[in-house]
Structure formats: C-alpha cells, structure tokens
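To keep things clear, I will list the structure first and then write my remarks on it.
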Amino acid sequence: MLRNGVWLGRPQRVSTSRTQSTADARSFLALAYITAGLVIPGAVAAAGASNCKMVQIAELPVRVAQNELIVDGAINGQKIGIMLDTGAMRTTIPRSAAERLGLGAQWATGVRMTGVGGESDVESAVLSEFKLGEAVRKDWRVYVAGEIDPGNNVAVLLGDDFFHLVDVEFDLAHGAVRLFEPRDCAGVALAYWAKGDAREADIEAVDDARPQIILTVRINGRPMRAMLDSGAGTSVLNTVDAARLGVTPESPGVVALGKHMQGIGKETVDSWIAPFESIAIGDELIRDTSLSFGDLSGISTGGRLRAPAMLLGADFLRAHRVLVAHSQGKMYFTYVGGPVFRRPESASTAAEQSREPSKSGANSAAALNSRGNAFMTKGDLDHAMAEYDAALQVDPQYAPAIANRGSVKVAKGDFAQAIADATRAIELNPKLASAFVIRANGKRHTGDFQVAITDYTHAIEIDPKFASAYNALAWALATADEPVNRDGPRAVEAAQKACELSDWKNSTFVDTLAAAYARAGNFAEAAKWERKAMESSRLASDTQVAQRLHLYEQGKAWPPD
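Numbering (this note's numbering), first residue to last: -13 to 547.
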C-alpha cells in the first residue's frame, strides 16, 4: 500500500489448483450478463464492419477514493467497497475485512501469497452471498490474505481472474467501468468512443494460471515489461530496472519519498521519484516526466519469477479512457487530461488535495502544478516557475501551486516573497504540510529560526511521516544562529527520524544527523556520520561538508560559536 492508502502488493498463489478459481469467475460472470445485449453502434461505424458488435455485459459505477477504484457491493447483506484490482491474480478479501465482517476464515493449506512487502499467510472464507451490481453469487469460497487494511470500507479486491474473461473499459472521467463481449470483431478497432485517434498497445496472451495484463513500454527508449495494475494508486518502476537506466537513489534529481509502498506483506518498502526523458506506451510518448521507483521483487509476471519492470497504475487510468481488449490481445486508449503519472502522497496530503478545487484537462491547475514539480525535480527553476504561474492563472486559489511557487522563490533567494506565497497557501489550506515547510525555509534564511522551528514542527504534526520536515527541523535546531533556538538532543531525535523514514539512504539527512550530534556535544558520532554521508559521491566533493568534518574532529559544532 502506498502512503495514500492504495493497495500495491500483488498476491501470488502456488501449490494449489487454479482451475476452480477460473471456473468460479466464469460462473459469476454468467450471472452478470444482460441477456438482451447492448450493441454499441460506434464500434460498428468505426470499424466499417457490420458484423462487429460490442455486447455490454455490465456497467459498474466506480468512484475514485485516494486513487483506489471502488464500486459498491455487499457481503452477506452488509454494504462494502469492492476495489477493482487488475494487478491481483486472485480475488481476495483483506484479513481486516474478514474479521470486521465476521466471516470465520480457515487456514488454506498449501497456499501462500507474496507481493510488495513480503509474504502473507492465506486463509479462506465462504461468502453466503456476494453482490456486485445486479449479480449475486451464493456460497462462494474466497481467499483471505493481506496484513493491512486498504481503507474506504474495501472488503474485496476483485482481481484479474475476473477481468481477463471479458473486455474491460475504464472510463473514469464518467465514473464507469464497463464489461463487454465482442462478437465478430477480429481485426476491428474497438475504441468505439474515439474518432480515429485512439492509441494502441499489444498485450501479452493471458495465462489462466496467472491472469495479468502485461504490455511492453519504453522508458528512455529501452523496452520493458509493464503490468496494468488498477490496484496500484500510482505508477511505479522497479528499482532494479531503474538502475539499468542509470537511475539510483543517489542520482541527481532523485527525491526520497520514504517508506511509501506496502502491499500484501507486513513490510513497508522505500520509494523515490526521479525525472525521466521519455516513457512510451504503445504509440503515446510522454516526455520530460517524473516517475516513482521502488522494490517490486515480490511480484512475478506471466509465470516468470522476475518482477515486472513497471506497474501502470490508477494514475494512468485516470488520465486516459482505456479498453483492455482481451479478445484481441490489445489495449486501446485515449488521453482525457491531467498528469499521466502522479507523485505518491501521504494519506494526509491526499486528503488535503481532495479539498482543493479540481479542474480536469491537460491544462488544469493540477496538471500544470504537476509539470512544475517535474521541472523542480530536475532543478529547472525558471520552467517550474512558469508552470506554477500558469496553474494560478487557471485557478488563483490553488494552494499547492502557490506553495510550490514559494519554494522556487526560496531557491532563487527571494525569501520575503516566498514567505508571502507560503502564508497565502496556508490560509487557503491549513492542512497543507508542505506549505509550512516552505514558509519555514524562507524564515530560516532570514534568520527567524524560532518561527521556522514552529512551522517545521507543525508540518510534522500534520504529516508524521514527512521525512523532509524532520530533516529541516533537525538542521534548524542544530545550526540556528541564536543559541536560544539550538537544541542538540531534539535535533538528533528529529534527524534520526528523517533517516529512519528514508531507510538511511539519503546522504543529506545523514549529514544533518552529523550536525545534530555535534550540537549535542557527541563529536565522535558527528564525525562518524559525516564520514558516512561523504560516501555519497555528491557530498564527497562538497567543500562545506569537508569543513564540517574537520570541525567535528576538532570537537567543534557547526557553525562554530
């Protein structure tokens, strides 16, 4: 699960029969068929082939909550949320939901599930009645697994053992997921809503034993296997494959996100966000974008042991209208607006953004703000500023863009205007943690450490997993100009928390920890951690870091009194 509550791990099942699971899904789908059949004339007209018919099986009203795709359903008469999760090979009930619903699960002998975050014990439970839309299934035995609660009253992860049996359309802009059975449509373009401008990508043949939607994408020109995973809130690249492209946590422009990712297992997984020159999906090319990466090694695809290089998540589906045509081995899609790849956010940040004014389209305030963030990640301040200004022309009260514009002004040394922007963003959204950090950065540069420390502390209260806020607080407490604002022990505590949240892989945070230990008077630890920070190639050649190490070795803090 990402920090915004999105289930990311993909369960895998071994050492048990898969035939029954597929048969269960086919039986349930049969109940969902609209026997009269809804013929979509657009498919016929677009194809120019009178025999092609797209028979609609069902339309599921879907809502997006914290990037989870949820439809309403019921188990044994109790209303639940059903999460549409094409990345899950088997439909599963989270353990927390089974307990909440009193399902009386029993251990499933010879079955295990693995995914992001490790392995989960597996149980099974019998649902006396399961309802999805108009369809009802009686006495259905379903697996129970997963160590976390996906939230949003989700009690079922509806997996690709269900979806691979039909053609599936994701039309999230209109709040719908539609199931189709095409008839006599071989060789016909099935994007019935498009006027000849639909993109296409081939998908691999589905293995009934491991039903997944696999396609080839190109990242910086290199082909890689990706899985269309509606259960992943944001798209993510595997750490190993990012490294093959020369992108590592220590690469320029890479920002640590901390332990954002958690799946079916108990462990949380670190993730980062990095700039990429291009990502091609079929014949759609996205240039100069940012994408998160993390360890996907718990997932395997297509009967292979290795993980997919990439998960195409719900952010991709939100930016497109998509038809997964299993009947043809193709995926059709058209761009509908907004950022294709979104940055993973904490639960609090996702809630903050949900309160912001929203506008759809490629030139919406949110999309322009996202493009500004991509330029900031690359260090291109001028282009970032232009995008944030453009976002505010669309929506002058879009708080994230106002705060981010303030961040550019901090980087440019315009501290008074940066503070003004951050303060305005806080007035519009008092729960925007990043705005407090940006204002504090401006205050610190003007020498007002007391207010800066208060703002950093408030940002942490809003988002207790905001690693950068802990780091900034520690630096302020360790290096404040006035002795009255210095607090070595508290600085050590905050710096350690920042390092823990980034799994001790952020060299800047380690450098801060060294400064904190020096302010606390523990110069041996200060020198030790400064040498550790200098193992990073970026800091090894930094003369200021070398000067700090020299001070620590002499038993002096930085800056010296």
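Note that beta-carbon positions come from the ideal geometry of N, C-alpha and C, so glycine has one too.
Three-state secondary structure assigned by DSSP to residue i
| i | result |
| --- | --- |
| Phe327 | coil |
| Gln314 | coil |
| Gln64 | strand |
| Lys429 | helix |
| Gly474 | helix |
| Val140 | strand |
| Pro168 | strand |
| Pro469 | helix |
| Pro238 | coil |
| Pro386 | helix |
| Glu54 | strand |
| Ile43 | strand |
| Arg307 | strand |
| Leu499 | helix |
| Asp215 | coil |
| Glu120 | coil |
| Met69 | strand |
| Trp490 | coil |
| Thr320 | strand |
| Ala589 | The requested residue 589 does not occur in the structure, where the chain is confined to residues -13 to 547. |
| Thr202 | strand |
| Leu358 | The sequence given here places Gly at residue 358; Leu does not occur at that position. Three-state result, Gly358: helix. |
| Arg534 | helix |
| Asn224 | strand |
| Leu459 | helix |
| Glu521 | coil |
| Asp146 | helix |
Residue i and residue j closer than 8 angstroms at C-beta
| i | j | result |
| --- | --- | --- |
| Gly474 | Ala484 | no |
| Ala300 | Leu55 | yes |
| Ser276 | Phe327 | yes |
| Gly244 | Ala453 | yes |
| Lys566 | Ala51 | Nothing can be reported for residue 566, as the shown portion of the chain is limited to -13 through 547. |
| Glu155 | Val308 | yes |
| Ala411 | Ala421 | yes |
| Ala295 | Ala212 | yes |
Environment of residue i [buried if 16+ CB atoms lie within 10 Å]
| i | result |
| --- | --- |
| Asn355 | buried |
| Gly315 | exposed |
| Pro545 | exposed |
| Thr560 | A question about residue 560 goes unanswered here, because the residues of the chain that appear run from -13 up to 547. |
| Pro197 | buried |
| Lys429 | buried |
| Arg273 | exposed |
| Tyr70 | Checking the sequence shown, residue 70 turns out to be Leu, not Tyr. Leu70 is buried by the Cβ-count criterion. |
| Pro80 | buried |
| Asn427 | buried |
Spatial distance of residue i from residue j (CA atoms)
| i | j | result |
| --- | --- | --- |
| Phe435 | Lys417 | 22 angstroms |
| Ala35 | Ala159 | At Ala35 the pLDDT is 45, less than 50, meaning the model places this residue with poor confidence; the figure from the coordinates comes in the next sentence. Each residue's alpha carbon lies about 28 angstroms from the other. |
| Asn139 | Leu525 | 46 angstroms |
| Lys451 | Asp441 | 15 angstroms |
| Ala337 | Ala351 | Confidence at Ala337 is low in this model, with a pLDDT of 33, below 50, so the placement of that residue is unreliable and no value is reported for it. |
| Glu447 | Asn415 | 15 angstroms |
| Leu89 | Val112 | 7 angstroms |
| Val531 | Asn457 | 16 angstroms |
| Arg505 | Leu214 | 49 angstroms |
| Pro235 | Asn492 | 8 angstroms |
| Gly207 | Gly232 | 13 angstroms |
| Met371 | Arg391 | 6 angstroms |
| Asp58 | Ser523 | 51 angstroms |
| Glu479 | Gly63 | 49 angstroms |
| Cys171 | Gly137 | 40 angstroms |
| Val163 | Tyr178 | 15 angstroms |
| Val437 | Ala385 | 21 angstroms |
| Asp157 | Asp467 | 56 angstroms |
| Pro261 | Asp227 | 14 angstroms |
| Gly365 | Gly217 | 32 angstroms |
| Val(-8) | Gly219 | Residue confidence is low: Val(-8) scores 31 on pLDDT, short of 50, so the model does not pin down where it sits. No coordinate-derived value is stated. |
heavy atom of the ligand PLP below 7 angstroms from residue i C-beta
| i | result |
| --- | --- |
| Lys483 | Inclusion of the ligand PLP in the displayed structure is not the case, the ligand content being empty and no account of it being possible. |
Residues of its chain near residue i, where Cβ-Cβ distance is below 7 angstroms and the 5 sequence neighbours each way are ignored
| i | result |
| --- | --- |
| Val241 | Trp258, Ile259 and Thr363 |
| Gly161 | Pro47, Val48 and Arg49 |
| Asp497 | Glu516, Ala519, Leu525 and Val531 |
| Thr432 | Phe401 |
| Leu303 | Phe156, Leu158 and Ser216 |
CB contact check: residue i to chain D, cutoff 8 angstroms
| i | result |
| --- | --- |
| Asp188 | Checking the listed chains, one finds no chain D in this structure; it contains a single protein chain. |
Contacts around residue i, its chain only, beta-carbon distance under 8 angstroms, and the 5 residues preceding and following it disregarded
| i | result |
| --- | --- |
| Ala513 | Ala500, Leu535, Tyr538 and Glu539 |
Contacting residues, own chain, Cβ-Cβ under 6 angstroms from residue i (five flanking each side not counted)
| i | result |
| --- | --- |
| Phe509 | Tyr538 and Gly541 |
| Ala311 | Asp153 and Leu176 |
| Trp461 | Thr498 |
| Ala477 | Ala460, Leu463, Ala464, Ala502 and Arg505 |
| Ala573 | Residue 573 is absent from the structure shown; the chain starts at -13 and stops at 547. |
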